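Enquirer:
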Amino acid sequence: MRLQLLSLLFLPFMVSASSNQQMVLSPSQDGIAHPFVPATNSGKPSLADLLTIESSASIFYSYARELELSELFTDPNARSTILVPTNKAVIALPRKPHQGPTPVDGGVILSDAEYDHMSKQNVERWVSAHIIPKSPISLSSEAEYETLLAGKNVSFALDDGETNTPEWSRVLVDGSMRLTGMKEASNGVLYILDGTITFD
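Set out below in C-alpha cells:
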C-alpha cells in the first residue's frame, strides 16, 4: 500500500522529466534561447580516433599523445598528414625516441628534471618529424614536404612496381621506407610507415 502511495506521489515528477517539450539550451550571443544542435563532421573519424584503434602504431601514439601538438589530431580545422611508424619499426630503433639521436656525454650528470625536459624535447622532435602540416598531399610527383620539425623535409617517390595496387602502396619515403597502410580521417590522412623518419 505504501509503495502505491509513493508511486502516485512521484509519478507527476517522472512524467514531467520525460516530457518531449524539454529543450537543451545553448548559450547565444543575442540572448535568445536556441535548441542545441550537436556538432557534426564528415562522418569520418578524426586522426586521434584512427590512432587510438590502430594497434600496429600504438607506440607512436603513446609518445605523441603526451605532447601539446597532439591537439592537431583532434582539431577539425587542422589538415595533417601523419607518417606513423609501426611498433616493429620503433622497437628496432637503436636509440628510442625519448633518448634522442645522439647519446649524452658520459661525464655529464643530469638532474631528474633536466633529464625529463630533455626527453620531452627529444620526443617532440621525433613526433614532429612524422607530421606534415598539409593534407592531402600528392604522392605521385617526386616531391618534398616540410614536416613540423624545422628544417626536416620528407621526400616521396613512386616506385616502378605493380600498377594494380593503390598509389600509396608503391611509394618510397625518403628513398627506402614503404607505406604499408593508409586511412583517411575527417582532418587528414594517416599513413603507416615500415620505418621511422630520421633526423640529425
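Note that the sequence shown covers residues 4 to 203 in this note's numbering.
Using N, Cα and C, we set each Cβ at its ideal position, and we do this for glycine too.
What you are looking at is a predicted structure, and each value in this text was computed from that prediction instead of being measured.
1) Take the Cβ of D203 as the centre, count every other Cβ of all protein chains shown within 10 Å, and call the residue buried at 16 or more, exposed below.
2) Which ranges does the beta strand (DSSP E) cover as unbroken runs of at least 3 residues, wholly within the segment 66 to 128, from first to last along the chain?
3) Alpha carbon to alpha carbon, how far is T84 from T55?
4) State the start and end residues of the unbroken beta strand (DSSP E) segment that holds A204.
5) Mind checking whether L193 and L70 have CB atoms under 8 Å apart?
6) Roughly how many angstroms lie between the CA atoms of G198 and D115, to the nearest whole one?
7) Would DSSP call E57 helix, strand or coil?
8) If you draw a straight line from the alpha carbon of S257 to that of A92, how long is it in whole angstroms?
9) How many angstroms separate the CA atom of S143 from the CA atom of I112?
10) Just reading off the beta strand (DSSP E) that G184 is part of, what are its end residues?
11) In three-state terms, what does DSSP make of A160?
12) Quick check: the segment 162 to 177 against the segment 58 to 72, are there 3 or more CB pairs under 8 Å?
Expert: Result, derived from the coordinates:
1) exposed
2) 83 to 88
3) 16 Å
4) Nothing in the structure corresponds to residue 204, since the chain is present only between 4 and 203.
5) no
6) 31 Å
7) coil
8) Because the chain here runs from 4 to 203, residue 257 falls outside it and cannot be looked at.
9) 48 Å
10) M180 to A188
11) strand
12) no
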